[in-house]
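Student: Starting off with a structure, shown below.
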Amino acid sequence: MAHGIPRPVEDADSRPFWEGCREGVLRIQRCASCGRHVFYPRLLCPHCFSDQLSWVEASGAGRIHTYTVVHRAFGPFQADVPYVVALVDLDEGVRMMTRILGDRSSVRIGARVRVEFVEADEGLVLPYFRVMDEATAS
Amino acid sequence: MRRDRLAAIVGVAESELGETPHRTVLQLQAQAAKAALAEAGLEKGDVDALFCAGNWAWSTNLMLAEYLGITPRYTDTTNIGGSSFEAHVGHAVAGIQAGLFDVALICYGSTQRSQRLRGHVPPDAPLTEQFERPFGLPTPVGAYALAAMRHMHEYGTTSEQLAEIAVATRKWATLNDKAFMREPITIEDVLNSRLICEPLHLLDCCLVTDGGGAVVVVSERVAQRCRTRPVWVLGHGETHTHHTIANMPDLTTTGAAVSGRRAMEMAGVRHDEIDVVEIYDSFTITVLLTLEALGFCKPGEGGPFVSGQRTAPGGPFPMNTNGGGLSYCHPGMYGIFLLIEAVRQLRGECGSRQVPDARLALVHGTGGVLSSTATVILGRD
Ligand SMILES: [Zn+2]
C-alpha cells in the first residue's frame, strides 16, 4: 500500500461513487431523459442537459481503450514503477481512468477487463481493472 | 481571396531564457515587455490592453500591471494552458476590431526550472480531478502517452516516426544560439533515451526551462507609426474540448481541427500557401496529432508526413524553426514563443535558420492535456 496518494475530495457529486468503491460496487449515473450513462458523476447530463440523473450499478466489465506504462513517477507513485494506467470503456459506454493489475504481457488495447477494488492507501479504495482470462472474456 | 489586415504584431521579445535563478518571474516579463515595446517604438503609456496568463499569482494581470506601472483599459487573463497566447492574439484582434483599444501587450514568464516546480504531487484531488489524479498518471506527459499509444494502435504510427520530429527540431536548434539544447541527435538517440511513459521517451518530451516573452498587437492605424515592419494577423481561431484526458472526445483528433479551419478560413489561405509553421511541441505526439488535425495531412498520415526529415532545415515543410519546446526553451506555457519566432521569420530576421521568402505563417498552440487549441495566421506585405 502506498502512502500519500492524492485524496479524492468526496463531494455532492462524487460521494455515492466513492462509497460504492468501499462497498465493492462500481456506480455510475444514468440519464432518465436520454437514456445514456454518465461518468464522472454530475448534476446535469452532459448530453441532453437534463437533471434526471440517477445512480446505477455498472457491470464492472469493459475494454481497454488505451494505456501507458509509467516508468518515471513522482512522490507516492515512485515505488510503483513500472505500472499501467489505462482508459477503460465500460460496457455501459462511459470511459474512466484506472490502473491495470496483473501480468503486463496481457495488457493490450481492446483487451476485455473487469473491475477489482483495491485499497491503494489507508481508507482509499480505488477501482482498478484486470484483463479477463480468454475463456471468460466476451 | 480575402486577406483582411485585422491587426498587426509590431513588437516581439524574449527575456533571458534557460536557467535564470537570479531573476523573478516579474523581472523576466519586464525584460520582454520593455524590449518588445522598444523595437516597435512604443512606450509603456501607449499600452491600453494587457493580456497575461500564468500560475504564479491568483491574478497575473493585477500583479503584473502594478509591477510594470500600467493601468489598462482592457484586461484579459484567459488561461487555457500553453495555447493561451494564441488565444490572446485572437482576443486582442477582436478588441481592436471593436474599437476598444489600439495597443495590446501580451506577456508570459516562468521560473519553473529554477524553482523546481515540476514533479510535485498534490495531497488532494478536488472536483473533477478526483477521478484521475489518484491513479498516478504523470501529468501532462502520461496523457500524451495515452494519445500516442492509441494513435499507434489505430494507424501503425511508430516511435521512429515520432523521433523524426525530435531530430528535425534539434537541427533547427543548432541554428539558434538562444536554444537550450544544440547538440545534434539521431533517431537512435531518441529511441535509446529512457522511457518516461510508454511509448514516449525522454527525447520525445519538451524541455523544462525558465523564460519569458512579450508580444505587442496594435491597430492598423498605430502600426503605421511603428518602427518595425508590421506582421499582420489575418485569421484566428480557438476551442477547447475537455479538461481531463478521459473526456477527450477522440484521442487522436485535437481541437486544431476546429481552431485551425476557422483561422484559415478567416485568413482565406490554403495549406500549400503557408511558408512556415510554428506548432506547439510539448511532446513529439503533440506535433503529429496537430499536423493531422490542421489538415496538412490526413488522419493517420502524420507519421509518413514527418518521415525523412521533411520538417528539418532545408526540408519541404519548415516547422518549429527556433528549435521548439523540444530543444529551444519551454517554460511551462510555451505558446508565446511560437508567435515570437513566426514574426521574426516573416520579418526575415532569422539568419542561418531563415526560411527563404517567408510570407505566410501558421502558429498553433495546444494547452492542457491536448485540451485547448488556438491557431493564428500571420502574414507580411
Ligand atoms: Zn441525458
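Here the protein sequences line up with chains A and B, keeping their order.
The numbering of the first sequence is our numbering, which starts it at 1 and goes up by one.
The numbering of the second sequence is our numbering, which starts it at 1001 and goes up by one.
We put the beta carbon where it would ideally sit given N, CA and C, even for glycine.
Looking only at its own chain, which residues have a Cβ that is under 6 Å from the Cβ of residue 84 of chain A, when we skip the five neighbours before and after it?
Tutor: Taking residue 84 of chain A as the centre and dropping the five residues before and after it, the same chain places the C-beta of 67, 69, 100 and 107 closer than 6 Å to its C-beta, in chain order.
Student: Closer than 8 Å by C-beta to residue 1019 of chain B: which residues in its own chain qualify, once you throw out the five before and the five after it? Chain order, please.
Tutor: 1113, 1114, 1209 and 1210
Student: Which residue's Cα is closest to the Cα of residue 25 of chain A: A:79, A:5, A:123 and A:127?
Tutor: A:127
Student: Tell me, please, which residues DSSP counts as bridged to residue 1161 of chain B.
Tutor: Per DSSP, none; premise fails for residue 1161 of chain B.
Student: So residue 1012 of chain B packs on residue 1339 of chain B, CB below 8 Å; how close in whole Å?
Tutor: 7 Å
Student: What's the gap between the Cα of residue 1221 of chain B and the Cα of residue 1052 of chain B?
Tutor: 24 Å
Student: Consider the C-beta atom of residue 42 of chain A and the heavy atoms of ligand 1; say whether any pair is separated by less than 8 Å.
Tutor: no
Student: Candidates B:1121, B:1297, B:1143 and B:1277: which alpha carbon is nearest residue 1367 of chain B's?
Tutor: B:1143
Student: I'd like to confirm something about residue 3 of chain A: is its beta-carbon nearer than 8 Å to some heavy atom of ligand 1, or not?
Tutor: no
Student: What residue does the beta strand (DSSP E) around residue 1142 of chain B start on, and which one ends it?
Tutor: Counting along the chain, residue 1142 of chain B falls outside any beta strand (DSSP E), though it belongs to the alpha helix (DSSP H) covering 1141 to 1155.
Student: In three-state terms, what does DSSP make of residue 1067 of chain B?
Tutor: Here DSSP, grouped into helix, strand and coil, assigns residue 1067 of chain B to helix.
Student: Tell me residue 1074 of chain B's beta-bridge partners as DSSP assigns them.
Tutor: The partner list for residue 1074 of chain B (beta bridge, DSSP) reads B:1049.
Student: Of all Cβ atoms in chain A, is any one closer than 9 Å to the Cβ of residue 1001 of chain B?
Tutor: Residue confidence for residue 1001 of chain B is low, a pLDDT of 47 falling below 50, so the modelled location carries little weight; the figure read from the coordinates is stated next. Cβ-Cβ to chain A under 9 Å: no for residue 1001 of chain B.
Student: Short of 7 Å in beta carbon distance, which residues of its chain neighbour residue 8 of chain A, apart from the five on each side in sequence? Order them along the chain.
Tutor: Closer than 7 Å at the Cβ level, and outside the excluded window around residue 8 of chain A, lie 14 and 18.
Student: Do residue 39 of chain A and ligand 2 come close, with the Cβ less than 8 Å from some heavy atom?
Tutor: In the structure shown, ligand 2 is absent; the only ligands present are ligand 1.
Student: Spatial neighbours of residue 1316 of chain B within its chain, please: C-beta separation below 7 Å, excluding the five flanking residues on both sides.
Tutor: If we look at residue 1316 of chain B and ignore the five residues flanking it on each side, its Cβ neighbours are 1310.
Student: Mapping the DSSP letters down to three states, classify residue 1058 of chain B as helix, strand or coil.
Tutor: coil
Student: So is residue 1368 of chain B in contact with chain A if we call contact Cβ pairs under 9 Å?
Tutor: no
Student: By the 10 Å Cβ neighbour count, where 16 or more other Cβ atoms means buried, how is residue 1164 of chain B classified, buried or exposed?
Tutor: Around the beta carbon of residue 1164 of chain B, 16 or more other beta carbons lie within 10 angstroms, which makes this residue buried.
Student: Kindly list, in the order they appear in chain B, the residues whose Cβ is closer than 7 Å to that of residue 26 of chain A.
Tutor: Simply none; closest approach about 12 Å.
Student: According to DSSP, simplified to helix, strand and coil, what is residue 1001 of chain B?
Tutor: Because the pLDDT at residue 1001 of chain B is just 47, under 50, the model does not fix this residue reliably, and the point stays unresolved.
Student: Would the segment 1120 to 1127 of chain B count as touching the segment 1257 to 1277 of chain B if we require 3 or more Cβ pairs under 8 Å?
Tutor: no
Student: Would you mind stating whether residue 1010 of chain B and residue 1190 of chain B have Cβ atoms separated by less than 9 Å?
Tutor: no
Student: Can you tell which of B:1119, B:1355, B:1117 and B:1133 has its C-alpha closest to the C-alpha of residue 124 of chain A?
Tutor: B:1133
Student: Tell me, to the nearest whole angstrom, how far the beta carbon of residue 1168 of chain B is from that of residue 1312 of chain B; I am working on the premise that it is less than 8 Å.
Tutor: 4 Å
Student: If I follow the unbroken beta strand (DSSP E) through residue 1025 of chain B, where does it start and stop?
Tutor: Element bounds for residue 1025 of chain B: not the beta strand (DSSP E) but the alpha helix (DSSP H), 1025 to 1040.
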